[in-house]
Each structure stands twice: as C-alpha cells, then as structure tokens.
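Sequential numbering from 1 applies to the sequence shown in full-length UniProt numbering.
Beta carbons are placed, not taken as given, at the ideal position from N, Cα and C, and that holds for glycine.
One structure below.
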Amino acid sequence: MEETIAQAIPGLHYVGTMPGLFETIAVPGIVLELAGFEPAEHDPGTGEMAIEARFEARAIVGTEHDDHLHVVAFIAAQLALLLRLQTWGIEVEPAQLVRAEPDWSRPELDGLAAWVIEWTQIIYLGVEEWPWPNQPPGSIVWGFSPDTGPGSEGSYLPPEAME
1 MEETIAQAIP GLHYVGTMPG LFETIAVPGI VLELAGFEPA EHDPGTGEMA IEARFEARAI
61 VGTEHDDHLH VVAFIAAQLA LLLRLQTWGI EVEPAQLVRA EPDWSRPELD GLAAWVIEWT
121 QIIYLGVEEW PWPNQPPGSI VWGFSPDTGP GSEGSYLPPE AME
C-alpha cells in the first residue's frame, strides 16, 4: 500500500503509519491507518474469513505556503483516484471510497493542513482450506447421457476440455 501510493503521488516526503510519540514526519505526506474492521457480508467458501476493513489516510501539508489548502486537497483527490479498483497487487477485493474531506480531528496535526480519505476493502484472513482431501481441486468431470455410469468413465470430460 505504502509503495503504491508513494509511486503514484510524486512529491510526497512520507507515506507510512503514524510515527511514535516523539518522532516527526516530513511533509507533504500521507499517514495510513487501519481504523477498524467487521465481518463482511459474504463467505468466500474457502475456510478464510472475509472482513470489511476500514482504512483512513491523512494527507498532510505544512501551512508555511499560501496554497497549502489547495495542495492538500489535490493530494487527497489524487489518492481518491488511486483507490478506484485498487487491490494493491494482492488477493483482496477492490477498494471502495467512502469519503474525502478536511480533517481537524487529530490534535497532533494542529498547525498542519490535513484531509482524511476513508475507504473500505474486503480482505481475507486465515488459511484457505479444501475440506475434501481425497478430491483435489479440479477433479470434477462431466458426463452426458446416455454415456454415464459404470463403464462410461472414459466418456467423462473435465470442464477445461469442453468447448
């Protein structure tokens, strides 16, 4: 996530999670946070648990320049555009933008221009399972009447052989 954002939005001096109490970050930057998660509405049927994760990113710009409000809004818009169909190169569902707006909710960002960009994304936790060890994936075959049943095993076709 950090690498994708840093490559897509030139000029950022920091992309990462909120640093420790006495650490500082270079601005302009984007601070990322997993804000929460809950069970997703669908079960992938793989043994994994689907959760709907809620992410927040804060675009942060110093106020020393007259155009800081425009710059921070532009960074937020660039991130919102980047989120469209974004999967970060991993097996997750595409990101869904929830909101992007000015943010004054964090006291540690006082004196800076900040926007919050929030999105949700279905991610999968746990290990994928196949509950039928004697039937490996891909063992399904199709037969067509009257060539089915005992003695007709050679007439069955795997799905990939059908045209």
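Reference residue i; option with closest CA among the options
i	options	result
Y124	E108, I60 and E52	E52
E108	E153, H70, A73 and T24	T24
V15	E48, G47, T46 and A57	A57
I60	E153, E93, D147 and T17	T17
residue 166	G20, A77, I5 and T46	Nothing can be reported for residue 166, as the shown portion of the chain is limited to 1 through 163.
Close Cβ partners of residue i (< 8 Å) along its chain, the five nearest in sequence each way excluded
i	result
M162	W142
P44	A50 and Y124
residue 164	One cannot answer for residue 164 here, as it falls past the ends of the chain, which runs 1 to 163.
G62	V27, P28, H68, L112 and A113
Residues near residue i by beta carbon distance below 6 Å, same chain, minus five either side
i	result
V116	E56, R58 and D103
R54	A35, G36 and T120
L83	A95, L97 and W119
E2	V15 and G16
D147	S155
V72	A59, V61, A113 and W115
R106	none
Are the stretch 26-39 and the stretch 90-104 touching, with three or more C-beta to C-beta distances below 8 Å?
no
Every unbroken beta strand (DSSP E) inside the stretch 93-162 [3 residues or more]:
96-102 and 112-125
Assess contact between the stretch 26-34 and the stretch 5-13, defined as three or more Cβ pairs (one per stretch) separated by less than 8 Å. Is contact present?
Contact between the stretch 26-34 and the stretch 5-13 is present: 3 or more CB-CB pairs across the two stretches fall below 8 Å.
For the stretch 20-101, list the beta strand (DSSP E) runs that are entirely contained and at least 3 residues long, ordered along the chain.
29-39 and 49-62
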